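Visitor: Every position in the sequence shown, counted from 1, becomes a number in our numbering once 16 is added.
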Amino acid sequence: MSAIREDIVVDRTPEDVFTYMTDPSRLPEWQKSALSSQRVGEEGPYGVGSRIRVTRHVGQRDIPMTMEVTEFEPPRAFSLRGIDGPVRGHVHGEVAPLDDGRRSRVTLELDFEGHGVGKALVPLVVRPQARKELPDSERRLKEHLEQG
């Protein structure tokens, strides 16, 4: 299956958008299925190799998962991959400047792999939920950033 991809224009600088989007503590503010999210393990700067623990509401269940940052190029691009749990997401985000850097085009791309029971969950529950939720998440991201 192909990745789920959406984009939106946000009236904030790429630096503002990137900083907000890559702050694990902010994930539940703009992603409906994210119930909680926090950095785990190490201290120091957030970047490639950093891990976050996210609990998501998927279908009828709350599923904890660990994501690892695999790309971190402020303020342009980031990627994360799931490293445990029955559903492992792959997320790629890009932030491109518009209008001399005063606005930004945000592109998010999601894909999933299932392990164990997740093999059934991905096509039946996860993909349909993500396809429906991603445009709403981008709208929420835009609202939070533009309202300050």
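Where a beta carbon is used, it is the ideal one built from N, C-alpha and C, also for glycine. Quick caveat: nothing in here was measured; it's all calculated off a predicted structure.
Would you check if the distance between the CB atom of L96 and the CB atom of V111 is smaller than 7 Å?
Guide: Counting from 1 along the sequence shown, the entry for residue 96 is found at position 80. Counting from 1 along the sequence shown, the entry for residue 111 is found at position 95. Going by C-beta atoms, L96 is not nearer than 7 Å to V111.
Visitor: Could you tell me whether the Cβ atoms of V103 and L124 are closer together than 7 Å?
Guide: Taking the first residue of the sequence shown as 1, we reach residue 103 at position 87. Taking the first residue of the sequence shown as 1, we reach residue 124 at position 108. No, Cβ-Cβ distance for V103 and L124 is not below 7 Å.
Visitor: Measuring alpha carbon to alpha carbon, tell me which residue in Q163, D152, R143 and E159 is nearest G75.
Guide: Residue numbering aside, residue 75 sits at position 59 when the sequence shown is read from its first letter. If we check each option's Cα against that of G75, R143 comes out closest.
Visitor: Please return the same chain residues whose Cβ sits closer than 6 Å to the Cβ of G134, not counting the five positions on each side in sequence.
Guide: The count along the sequence shown starts at 1 and reaches residue 134 at position 118. Cβ within range, chain order: P102 and V103.
Visitor: Mapping the DSSP letters down to three states, classify V64 as helix, strand or coil.
Guide: In the sequence shown, the residue the question calls residue 64 occupies position 48. Three-state DSSP puts V64 in coil, outside helix and strand.
Visitor: D23 bridges to which residues according to DSSP?
Guide: Translated into the one-based positions of the sequence shown, residue 23 becomes position 7. The beta-bridge partner set that DSSP reports for D23 consists of T123.
Visitor: Specify the secondary structure class of S41 as computed by DSSP and reduced to three states.
Guide: Here residue 41 refers to the residue found at position 25 of the sequence shown. S41 falls in the helix class under three-state DSSP.
Visitor: With a threshold of 8 Å on Cβ separation, who are the neighbours of E149 within its own chain once the five nearest residues in sequence on each side are excluded?
Guide: For the purposes of this step, residue 149 is taken as the residue at position 133 of the sequence shown. Within the same chain, E149 has close Cβ partners Q47, K48 and S49.
Visitor: Identify whether E58 lies in helix, strand or coil by the three-state DSSP scheme.
Guide: Position 42 of the sequence shown, counted from the first residue, corresponds to residue 58. Correct three-state label for E58: coil.
Visitor: Take the Cβ of A19 as the centre, count every other Cβ of all protein chains shown within 10 Å, and call the residue buried at 16 or more, exposed below.
Guide: Mapped onto the sequence shown, residue 19 falls at position 3. It counts as exposed.
Visitor: Under the three-state reduction of DSSP, which class applies to V111: helix, strand or coil?
Guide: Walking along the sequence shown from the start, residue 111 turns up at place 95. Strand, per DSSP.
Visitor: When we look at the beta-carbon of R72 and count the other beta-carbons within 10 Å, is it buried (16 or more) or exposed?
Guide: Numbered from its first residue, the sequence shown carries residue 72 at position 56. By the 10 Å Cβ count, R72 comes out buried.
Visitor: Please list the terminal residues of the continuous alpha helix (DSSP H) segment that includes S95.
Guide: Start at 1 with the first residue of the sequence shown, and residue 95 comes out as number 79. That residue, S95, is in no alpha helix (DSSP H); its beta strand (DSSP E) goes A93 to G98.
Visitor: Starting from D78, trace the beta strand (DSSP E) in both directions and tell me its first and last residue.
Guide: As a working note, residue 78 is residue 62 in the sequence shown. D78 -> beta strand (DSSP E) spans R77 to E89.
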